[in-house]
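J.:
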Amino acid sequence: MAIYNRNIGRNSMMPVGQSLAGRVGTGRSQALGASARVSRISVDEQARRLADQIIAERDRERRISRLGKIYTRFDEVDDVLANNVETVTRGLFSGNVASLTTLAKASLTATQESYYYQINDSDGISQLSIAYGHFGGSGSKDLTNNLNNDTPSRAIYKQYAQTLLGPTDKKFTFDGTDSDSIYVLNFNRARIREKLDPGNFEITLRHISASAAEVDGAEISSSNHIQIIDDSSLTSATLGESGQVYNLVSGSLDGTVAIYNQSAPVHFGLLYPQHGVAILNADQLDKKIGDGGIDLQTATSAGGTAGYNVRKLYTAISSSAAVATAAGKTGGIQARSSEQVKSTYYFVRAKNAEFNYSNNPSFVTGDLGQLAFNSFKNDPQTFITSVGLYNDRRELLAVAKLSQPLLKNYTREALIKVKLDF
């Protein structure tokens, strides 16, 4: 007898056994699918838990490593600021003073003084040298007694011409006119650093009598004097074989930079700031007071003593302080040095969990290296006193010292800016 399932379509007939078997089979498949989904969810959950555990362990290890780490690599973008250029000026003379009003002649041999005078400050520290040069060798004695007229003045002129002029230029030219006779002020190389600072240079010369050159500081004839500055406030430097060149003209730095008669100033010489040398035109200084000179009367013969002309200029400079002070001016020589300093800034960041422990022996005690104080275990207190800069091979390159110790613990962070000048 056949039994039909009335729940199946009207025109369909299927044995009950087959229908039941089919239904039972479908239910078993659904049960297995649900079990598989549960299994997959369990595996995913376990994987997530395991991943979270691994991440937590790594974070813990990272935190632990931060507690005792010594080196931290700089981030080139956020932690390093390179190629910062700053122009620094300071007084040219000892103690970074910009005025030299008290000149003292150093003790040299007679042969040395026939070439130059070394000028010291009141403390006996060398500041500059003064020399006289003549293209043909006049104005000084021939110490070698030969026929080449190899005098000190000729050697001085040739030396500075070779140093400062172009290879085809043999004579110094002032305001378009060559001169055979020059005075040289050569400043201490250690003091000028990179160069003399244009716009902050002045020489005051006092009129002296001819006999005043024979004795230091003797017989000053009058209060007449001249002041000489560079013309950097009026025009740009000329670029030559020796670098920048400025004209030395009549003017003063007192109060403000002022060039006398800017349309047609009196030219006294040339300033070579990068060499720290001022060349004065002796022909101009020999002119009368009313003609823009100081009647220096440069000797073109052997002279009375070795370095006769050098002594005259030295006396004119050293005696200028008294009359200049009386006239409300500075006197002597005013000058500053200038240099470009390239700096790199390193920003050292000490976060709250970093650098709270120290390898200083005072931090521990005993043979086993136990913490000196139990409170250091959870609440260490350290003081940052210096920062070391290392290369990739961990070789110490520079040390930055803090002005005072900086307290560091878990509740404090620090940002230390280290400036490295080149």
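Sequential numbering from 22 applies to the sequence shown in our numbering. Note that CB positions come from ideal geometry on N, CA and C, so glycine has one too. Please read these numbers as outputs of a predicted model, since none were measured by experiment.
1) Just to confirm the assignment, what range does the alpha helix (DSSP H) spanning Y329 have?
2) Are the beta-carbon atoms of V298 and N207 separated by less than 7 Å?
3) Taking 6 Å as the limit between beta carbons, can you name the residues of its chain near G224, skipping five residues before and five after?
4) For K216, which residues of its own chain have a beta-carbon under 6 Å away from its beta-carbon, when the five flanking residues on both sides are left out?
5) Measuring alpha carbon to alpha carbon, tell me which of Q148, E416, A371, E262 ends up nearest T432.
6) For R227, write down the residues that DSSP places opposite it in a beta bridge.
7) Cα separation between D442 and K162?
8) Looking at the secondary structure, which residues open and close the beta strand (DSSP E) in which E360 lies?
9) Excluding the 5 residues preceding and the 5 following L41 in the sequence, name in chain order all residues of the same chain whose CB lies nearer than 6 Å to its CB.
10) Could you spell out where the beta strand (DSSP E) holding K440 opens and where it closes?
11) Using a Cβ-Cβ cut-off of 7 Å (strictly less than) and excluding sequence neighbours within five positions of R27, which residues of its own chain qualify?
12) How do the region 327-336 and the region 244-264 stand: do at least 3 beta-carbon pairs fall below 8 Å, yes or no?
13) Which residue marks the beginning of the alpha helix (DSSP H) containing L185, and which one marks its end?
14) Is Y138 closer than 7 Å to Y411 when the C-beta atoms are compared?
15) Just tell me which of S263, L317, Q265, D96 has its CA closest to the CA of F289.
16) Excluding the five sequence neighbours on either side, which residues of its own chain have a C-beta within less than 8 Å of the C-beta of Q425, listed in chain order?
17) Pull up the DSSP beta-bridge partners for Y153, would you.
18) Looking only at its own chain, which residues have a Cβ that is under 7 Å from the Cβ of S341, when we skip the five neighbours before and after it?
19) So the candidates are L417, N381, V385; which of them puts its Cα closest to the Cα of T406?
20) Should the region 110-127 be regarded as contacting the region 153-160, the criterion being three or more beta carbon pairs within less than 8 Å?
21) With which residues is L428 paired in a DSSP beta bridge?
22) Can you give the Cα-Cα distance for E434 and R111, rounded to whole angstroms?
23) Shortest alpha-carbon distance to V205 belongs to which of D218, A182, D190?
24) Within 10 Å of its beta-carbon, does K429 have 16 or more other beta-carbons around it, so buried, or fewer, so exposed?
25) Measuring alpha carbon to alpha carbon, tell me which residue in V385, G264, V106 is nearest G187.
26) Buried or exposed: L394, going by 16 or more other Cβ atoms within 10 Å of its Cβ?
27) By the 10 Å Cβ neighbour count, where 16 or more other Cβ atoms means buried, how is G43 classified, buried or exposed?
28) Could you compute how far the alpha carbon of L149 sits from the alpha carbon of I140?
29) Starting from N268, follow its DSSP beta bridges and name the residues at the other end.
30) Can you tell me which of the three DSSP states D199 falls into?
31) Answer yes or no: do S364 and N117 have a C-beta to C-beta separation smaller than 7 Å?
32) Express the C-alpha separation of L423 and K333 in angstroms, rounding to a whole number.
33) So L260 is in the beta strand (DSSP E); what residue range does that whole segment cover?
34) Can you have a look at A152 and say buried or exposed, based on whether 16 or more other CB atoms are within 10 angstroms of its CB?
35) Ends of the beta strand (DSSP E) at E107?
T.: Taking the structure as given:
1) 329-339
2) Result yes, Cβ atoms of V298 and N207 sit closer than 7 Å.
3) First, the amino acid is wrong: residue 224 is Ile here, not Gly. Result list for I224: I249, I354, in chain order.
4) P294, Q295, S359
5) Taking only the C-alpha atoms, the option nearest T432 is A371.
6) H246
7) 49 Å
8) 357-371
9) At L41, the pLDDT of 36 sits below 50, so the modelled position is not reliable; the number obtained from the coordinates is stated separately. Nothing listed; no residue qualifies.
10) 435-442
11) For R27, the pLDDT reaches just 37, beneath the cut-off of 50, and the residue's location in the model is therefore unreliable, although a value from the coordinates is still provided. Hits under 7 Å: none found.
12) no
13) Per DSSP, the unbroken alpha helix (DSSP H) holding L185 starts and ends at 173-185.
14) no
15) L317
16) There are no such residues.
17) Y204
18) Excluding positions up to five away in sequence, the list reads T225, L226, R227, H246, G352, G353.
19) The alpha carbon of T406 has as its nearest neighbour, out of L417, N381, V385, the alpha carbon of N381.
20) Contact between the region 110-127 and the region 153-160 is absent, because fewer than three Cβ pairs lie under 8 Å.
21) F404
22) 37 Å
23) Nearest C-alpha to V205: A182.
24) buried
25) G264
26) Position check: residue 394 holds Phe in this sequence, whereas Leu was assumed. It is exposed - the Cβ of F394 has fewer than 16 other Cβ atoms within 10 Å.
27) Below a pLDDT of 50, predicted positions are generally treated as unreliable, and G43, at 40, falls in that range; the measurement from the model is reported next regardless. Exposed, because fewer than 16 other Cβ atoms sit within 10 Å of the Cβ of G43.
28) 5 Å
29) L291
30) strand
31) no
32) 52 Å
33) 259-261
34) buried
35) Going by DSSP, E107 is part of the beta strand (DSSP E) stretching over 101-112.
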